[in-house]
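Participant: One structure, as structure tokens, below. Some questions next.
Given below as structure tokens:
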């Protein structure tokens with residue numbers, strides 16, 4: 023125990039990630055939460071893509087730049103991630119939309135074997151994938167409350183995930 027926190031908890035002081043767009047692949051994906059965890063300077067947080075992701079393909083959003091997509095690890099989220107994987111692997115994104123990776127957010131305390139199998143398969147197709155575990159305490163707070171020192175603390179794995187996203191973004195030249 024350190025400073026009143028268990029070894030499983032970390033305070034997430036957001037480090038701004040300038041120039042990274044966080045895009046939800048469906049409603050309730052966790053986009054606002056991830057944007058809050060990455061920092062306030064995330065570009066265009068909480069945008070929700072409507073299938074079949076035509077707005078990433080047709081040039082209507084020519085200022086997207088590098089983006090990370092977010093989806094829940096349930097049927098709707100996995101189907102939306104599958105659609106994005108097809109669009110990305112076919113090279114059909116606009117020239118200005120660069121997919122860094124997809125964050126899959128657990129939709130419950132324990133993902134099923136089938137969910138994990140599908141996530142693993144998608145990880146083999148996409149440039150990068152990360153998973154954020156279910157955090158029961160987050161069900162009762164707003165994303166903007168995560169910066170409050172009295173808010174429920176994030177598990178170590180969430181801290182590692184956001185750190186990995188920042189590192190991947192820097193490695194991509196940002």
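In the numbering used here, the protein residues as written are 23 to 196. Backbone N, C-alpha and C fix where the C-beta goes; we use that ideal spot for every residue, glycine too.
#1: If we call anything under 8 Å between Cβ atoms a contact, is residue 43 one with residue 103?
#2: Helix, strand or coil for residue 115? Go by DSSP, reduced to three states.
#3: Please tell me whether residue 187 and residue 152 are closer than 8 Å, where the distance is taken between their beta carbons.
#4: Using 10 angstroms around the beta-carbon of residue 130, count the other beta-carbons present and answer buried if the total reaches 16, otherwise exposed.
#5: Go ahead and pull the three-state DSSP assignment for residue 174.
#6: Please state the DSSP three-state secondary structure of residue 154.
#7: Quick check: the segment 138-156 against the segment 101-115, are at least 3 beta-carbon pairs closer than 8 Å?
#8: Could you name the residues that DSSP lists as bridge partners for residue 90?
#9: Could you give the residue range of the alpha helix (DSSP H) that holds residue 136?
#10: Would you report the Cα separation of residue 179 and residue 135, rounded to the nearest angstrom?
#11: Going by other Cβ atoms of all chains shown within 10 Å of its Cβ, with 16 needed for buried, is residue 49 buried or exposed?
#12: By the three-class DSSP mapping on this structure, what secondary structure does residue 59 have?
#13: Tell me which same chain residues have a C-beta within less than 8 Å of the C-beta of residue 125, skipping the five on either side of it?
Facilitator: Straight from the coordinates:
#1: no
#2: coil
#3: yes
#4: exposed
#5: coil
#6: strand
#7: yes
#8: 44 and 123
#9: 135-145
#10: 20 Å
#11: exposed
#12: helix
#13: 52, 56, 90, 91, 92, 93, 151, 152, 153, 154, 183 and 187
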